[in-house]
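Have a look at the structure below, then the notes.
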Amino acid sequence: MAVYDIVKYPAVILRKKAKTVKDISSYQREFLDNMVETMYNDEVTVGLAAQQVNLDTKLIVIDARDEKGLIKLINPVIKHREGRLVVMEEGCMSLPGVTVNVIRSPKVVIEAKNERGQPINIEAEGFLARVLQHEIDHLNGKLIIDYLNPAKKALLAISYRLKNKSA
Ligand SMILES: [Zn+2]
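Straight run, no breaks: the sequence shown in this note's numbering ends on number 352.
In structure tokens form, the structure reads like this:
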């Protein structure tokens with residue numbers, strides 16, 4: 186097992202659409218395990234997408250610290266959204282120091298494959314639904330700052346670049 190370095194905004198890979206996994210091999214399983222270790226390496230992190238550790242492939246790991254526990258998903262897609270949209274402040278490991286109010290569905294149904302290549306469905310509500318939507322956004326090259334209006338986004342990008350100049 187290994188802990189990967191986190192790719193930070195404005196790295197190009199964070200804007201790429203992740204590729205669909207065709208054959209699930211030991212490589213993907215090992216990569217998922219390393220993603221899990223990377224996620225747990227940071228106490229507050231509840232999810233990670235492959236692009237954040239420099240691989241443009243549809244893999245995510247989540248642990249929303251609820252009864253569903255650790256979830257590893259391959260090729261996840263949102264099949265259904267339900268309920269009145271909810272706004273909540275979110276952060277992201279790839280955007281240190283940034284929080285954004287993000288509007289999301291309170292209930293989702295996700296279709297994906299597990300590590301053994303079996304199709305699975307996940308029905309999620311509340312915080313887990315939010316984390317799933319955040320990570321699936323990453324696979325589509327979308328970040329929390331994309332939920333800001335253009336003026337706010339431009340300002341934030343400038344201050345972020347100034348703060349992270351030395352990094
Ligand atoms: Zn994120």
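Idealized CB from N, CA, C, for every residue including glycine.
Residue i: CB within 7 Å of a non-hydrogen atom of ligand 1
i      : result
HIS265 : no
SER210 : no
MET220 : no
MET278 : yes
Residues of its chain near residue i, where Cβ-Cβ distance is below 8 Å and the 5 sequence neighbours each way are ignored
i      : result
LEU325 : Per the sequence presented here, residue 325 reads as Asn, with Leu not at that position. Excluding sequence neighbours, ASN325 sits near LYS202, ALA203.
ARG214 : GLU300
ILE330 : TYR194, LEU280, VAL283, VAL285, LYS338, LEU341, ALA342
Exposure label - residue i; buried when at least 16 CB within 10 Å
i      : result
ASN226 : exposed
MET224 : buried
ALA234 : buried
HIS323 : buried
PRO304 : exposed
Same chain, Cβ closer than 6 Å to residue i, five either side skipped, listed in chain order
i      : result
ALA187 : ASN219
HIS265 : VAL294
Q: Report yes or no: do three or more beta-carbon pairs, one from the stretch 282–289 and one from the stretch 305–312, lie closer than 8 Å?
A: no
Q. Per the contact definition of three or more C-beta pairs closer than 8 Å, is the stretch 237–245 in contact with the stretch 193–205?
A. yes
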